[in-house]
Amino acid sequence: MDNTTHGDRRITHWLGGKPWTGTAARTSDVHDPATGAVTARVDLADAATVDETVAAAGTAFTTWRRTSLPKRVAVLFEFRRLLAERAPEVAAAITAEHGKVLDDAAGEVQRGLEVVEFACGIPHLLKGGHTAGAATGVDVHALRQPLGVTAIISPFNFPAMVPLWFAPVAIACGNTVVLKPSEKVPSAAMLLAELWREAGLPDGVFNVLHGDREAVDALLTHPDVASVSFVGSTPVARHVYATAGAHGKRVQALGGAKNHMVVLPDADLDLAADAAVNAGFGSAGERCMAVSVLVAVEPVADELIGKITERMATLRVGDGRRGCDMGPLVTAEHRDRVAGYVEAGVAAGAELVVDGRGGPVDGEPGGYWLSPTLFDRVTPQMPIYTDEIFGPVLSVVRVASYDEALALVNASPYGNGTALFTNDGGAARRFEEEVEVGMVGVNVPIPVPVSYYSFGGWKASLFGDSHAYGPDGVHFFTRTKTVTTRWADPRHRGIDLGFPQND
Ligand code: NAD
Numbered sequence: 001m002d003n004t005t006h007g008d009r010r011i012t013h014w015l016g017g018k019p020w021t022g023t024a025a026r027t028s029d030v031h032d033p034a035t036g037a038v039t040a041r042v043d044l045a046d047a048a049t050v051d052e053t054v055a056a057a058g059t060a061f062t063t064w065r066r067t068s069l070p071k072r073v074a075v076l077f078e079f080r081r082l083l084a085e086r087a088p089e090v091a092a093a094i095t096a097e098h099g100k101v102l103d104d105a106a107g108e109v110q111r112g113l114e115v116v117e118f119a120c121g122i123p124h125l126l127k128g129g130h131t132a133g134a135a136t137g138v139d140v141h142a143l144r145q146p147l148g149v150t151a152i153i154s155p156f157n158f159p160a161m162v163p164l165w166f167a168p169v170a171i172a173c174g175n176t177v178v179l180k181p182s183e184k185v186p187s188a189a190m191l192l193a194e195l196w197r198e199a200g201l202p203d204g205v206f207n208v209l210h211g212d213r214e215a216v217d218a219l220l221t222h223p224d225v226a227s228v229s230f231v232g233s234t235p236v237a238r239h240v241y242a243t244a245g246a247h248g249k250r251v252q253a254l255g256g257a258k259n260h261m262v263v264l265p266d267a268d269l270d271l272a273a274d275a276a277v278n279a280g281f282g283s284a285g286e287r288c289m290a291v292s293v294l295v296a297v298e299p300v301a302d303e304l305i306g307k308i309t310e311r312m313a314t315l316r317v318g319d320g321r322r323g324c325d326m327g328p329l330v331t332a333e334h335r336d337r338v339a340g341y342v343e344a345g346v347a348a349g350a351e352l353v354v355d356g357r358g359g360p361v362d363g364e365p366g367g368y369w370l371s372p373t374l375f376d377r378v379t380p381q382m383p384i385y386t387d388e389i390f391g392p393v394l395s396v397v398r399v400a401s402y403d404e405a406l407a408l409v410n411a412s413p414y415g416n417g418t419a420l421f422t423n424d425g426g427a428a429r430r431f432e433e434e435v436e437v438g439m440v441g442v443n444v445p446i447p448v449p450v451s452y453y454s455f456g457g458w459k460a461s462l463f464g465d466s467h468a469y470g471p472d473g474v475h476f477f478t479r480t481k482t483v484t485t486r487w488a489d490p491r492h493r494g495i496d497l498g499f500p501q502n503d
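In the UniProt record's numbering, the protein residues as written are 1 to 503.
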């Protein structure tokens with residue numbers, strides 16, 4: 001496969017309701033991970049383009065914030081209809097640049113769609129409180145008002161879902177949006193921009209700015225950006241939180257993860273094995289909610305590993321457009337990094353039960369392949385345990401008791417998701433209470449909250465106090481104003497320099 005001849009397609013920024021007309025000083029290649037071919041070049045914004053985009057979003061804010069709720073909701077309903085209709089197109093764009101299999105890409109769009117549905121209920125969600133008679137002749141009410149220009153910075157692994165965690169809620173609340181998608185997967189964001197326009201969203205309310213660190217840093221320090229919603233790796237999340245916070249912005253920065261799935265001796269081991277394979281290798285392990293550590297509470301390990309390896313032998317790895325179970329990794333560099341962890345695991349003394357290197361593939365030789373890999377007898381000191389690998393590598397840690405399993409999960413610096421497999425309701429109830437993780441599943445391996453709850457981890461998996469979408473999303477994208485009202489009443493006339501006494 002020629003790796004350079006398919007890159008004539010140019011992807012540029014979307015601002016003020018149309019493609020940017022300037023010339024970018026820097027661009028980045030976009031690859032099809034299943035073939036290794038360059039399929040497009042994406043423009044990378046500099047600080048001047050960031051200024052231009054934020055200005056377009058700022059202008060749109062002055063009218064969008066005053067647009068009536070029924071008009072905003074009409075746009076959201078239409079966007080929902082269009083997104084559902086065009087979901088296959090969005091999914092195809094995701095598979096072509098990320099590599100995940102088409103079904104999984106369609107599932108990602110569906111999850112995003114559910115947040116749009118949540119945002120359609122915005123009139124109810126924006127209701128403030130009202131108190132009549134807080135004092136004689138005094139009423140108090142609270143308003144929720146939009147922030148202004150909100151920035152969304154998203155990772156490569158969910159090109160549509162992560163932007164849709166934030167944009168529908170931000171827009172419904174009356175804000176305008178500058179989305180900076182991952183430069184590895186820029187096309188899904190462009191499709192979303194087109195759908196918003198077709199849905200009748202005024203120009204400049206939803207903008208897409210492509211770029212890398214330069215664009216991100218310009219957004220984090222821009223005086224006219226009111227808030228930053230970031231999702232990505234923990235080191236960058238920390239940087240985003242610190243920088244945007246120092247520049248006075250409201251920030252939510254979701255970081256990386258190392259999710260543990262604990263299997264107790266009384267669990268249904270077939271269910272647990274299915275869950276471990278699905279959550280360990282789905283999307284090639286490139287999910288922030290992927291299970292990367294399986295904590296087997298003895299004596300289950302041998303039987304559970306047997307069931308997992310049987311299932312792994314049936315997985316078909318290959319091009320996501322060919323009905324395979326698992327696609328390639330996102331880039332050649334990332335595939336090599338993950339393969340490096342397989343080597344590191346062996347060197348550290350873990351037992352390599354299934355080696356994914358060089359496994360059979362239904363795809364082009366130039367694709368970024370690495371098949372599912374399973375390690376047993378992993379210990380908490382090994383790099384395959386401590387580091388977020390973000391690939392199809394599952395590590396089994398054997399422990400002797402529930403308490404040891406819980407201590408392991410709670411000692412992790414991350415706290416995104418976790419799951420317990422058991423048939424013991426009392427153990428499940430204890431786990432739910434004691435575990436220091438933001439999202440917990442009981443016999444559910446990837447406990448992503450439905451759209452009317454909120455998504456977010458604890459510890460190094462989230463910086464800030466607001467989770468994504470759901471009630472936290474509305475809280476994040478609005479600020480509260482409390483109004484105390486008194487209409488003139490002759491009894492209250494007169495000078496009184498004291499603090500008013502409630503009467
Ligand atoms: P990343 O941190 O490399 O990139 C995320 C975004 O930040 C991208 O838009 C990228 O262009 C930008 N960026 C990259 N380096 C930067 C830098 N030095 N300064 C400023 N901006 C920078 O993450 P990724 O590789 O795209 O995504 C995978 C990571 O995202 C994993 O760690 C995964 O766990 C995490 N993730 C977390 C969640 C969650 O909900 N907690 C969800 C999805 C992904």
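Ideal placement from N, C-alpha and C gives every residue a C-beta, glycine not left out.
query, result
"Have a look at G245 and E364 and give me their C-alpha separation to the nearest angstrom.", "45 Å"
"Give a yes or no on contact between the stretch 466-476 and the stretch 442-453, applying the rule of three or more CB pairs nearer than 8 Å.", "yes"
"Are L44 and D212 closer than 9 Å when you measure CB to CB?", "yes"
"Going by beta carbon distance, what residues of the same chain come within less than 6 Å of S283, once the five residues before and after it are set aside?", "K100 and D104"
"So which of P159, N207 and G391 has the shortest CA-CA distance to F281?", "G391"
"Using only alpha-carbon positions, find the residue among T221, T62, P163 and H98 that is nearest to T35.", "H98"
"Confirm the yes/no value for this check: CB of F230, any heavy atom of the ligand NAD, distance under 8 Å.", "yes"
"Tell me whether K127 sits in a helix, a strand or coil according to DSSP, three-state version.", "coil"
"For a quick check, are the C-beta atoms of A56 and D203 less than 9 Å apart?", "yes"
"Any chance the CB of E436 is under 8 Å from a heavy atom of the ligand NAD?", "no"
"Closest to L374 by C-alpha separation, out of E388, V444, V353 and I389, would be which residue?", "V353"
"Cβ of F166 versus every heavy atom of the ligand NAD: is any distance shorter than 8 Å?", "no"
"Spatial neighbours of residue 529 within its chain, please: CB distance less than 6 Å, with the 5 preceding and 5 following residues excluded, ordered by chain position.", "The structure shown has nothing for residue 529, since the chain only spans 1 to 503."
"Thinking A427 and I384 are a contact (beta carbons under 8 Å), I'd like their distance in whole angstroms, please.", "Incorrect: roughly 27 Å between the Cβ atoms, too far for contact."
"Who are the Cβ neighbours of E286 in its own chain at under 6 Å, not counting the five residues just before and after it?", "N157 and F390"
"What's the call for W487, buried or exposed, on a 16-neighbour Cβ count within 10 Å?", "exposed"
"Ordered along the chain, which non-local residues of its own chain (more than five positions away) have a Cβ less than 8 Å from that of E298?", "P265, R398, V399 and A400"
"If you reduce the DSSP assignment to three classes, tell me which class D2 lands in.", "Reliability fails at D2, whose pLDDT of 37 lies under 50, so the model's placement of it is uncertain and the value that follows must be treated cautiously. Coil, per DSSP."
"Please find out if some non-hydrogen atom of the ligand NAD comes closer than 8 Å to the beta-carbon of A172.", "no"
"What are the boundary residues of the alpha helix (DSSP H) that includes D270?", "L269 to F281"
"Considering only C-alpha positions, which residue in the set V483, L497 and D496 is nearest to A134?", "V483"
"Who does R398 pair with in a DSSP beta bridge?", "A296"
"Determine which residues share a DSSP beta bridge with H141 and list them.", "H130 and V483"
"What's the gap between the Cα of H467 and the Cα of G498?", "42 Å"
"According to DSSP, what are the bridge partners of M439?", "G417"
"Of all the alpha helix (DSSP H) runs that stay within the bounds of the stretch 195-270, which reach a length of 4 or more residues?", "213-221 and 234-246"
"Rounded to the nearest angstrom, what separates P33 and R66 at their Cα positions?", "44 Å"
"Can you tell me the Cβ-Cβ gap for G456 and P447, rounded? I've got them flagged as a contact below 8 Å.", "Not quite, the Cβ-Cβ distance comes to about 12 Å (not below 8 Å), so this is no contact."
"Tell me whether I305 is buried or exposed, calling it buried when 16 or more other Cβ atoms sit within 10 Å of its Cβ.", "buried"
"Based on the DSSP secondary-structure assignment, which residues constitute the bridge partners of G318?", "D362"
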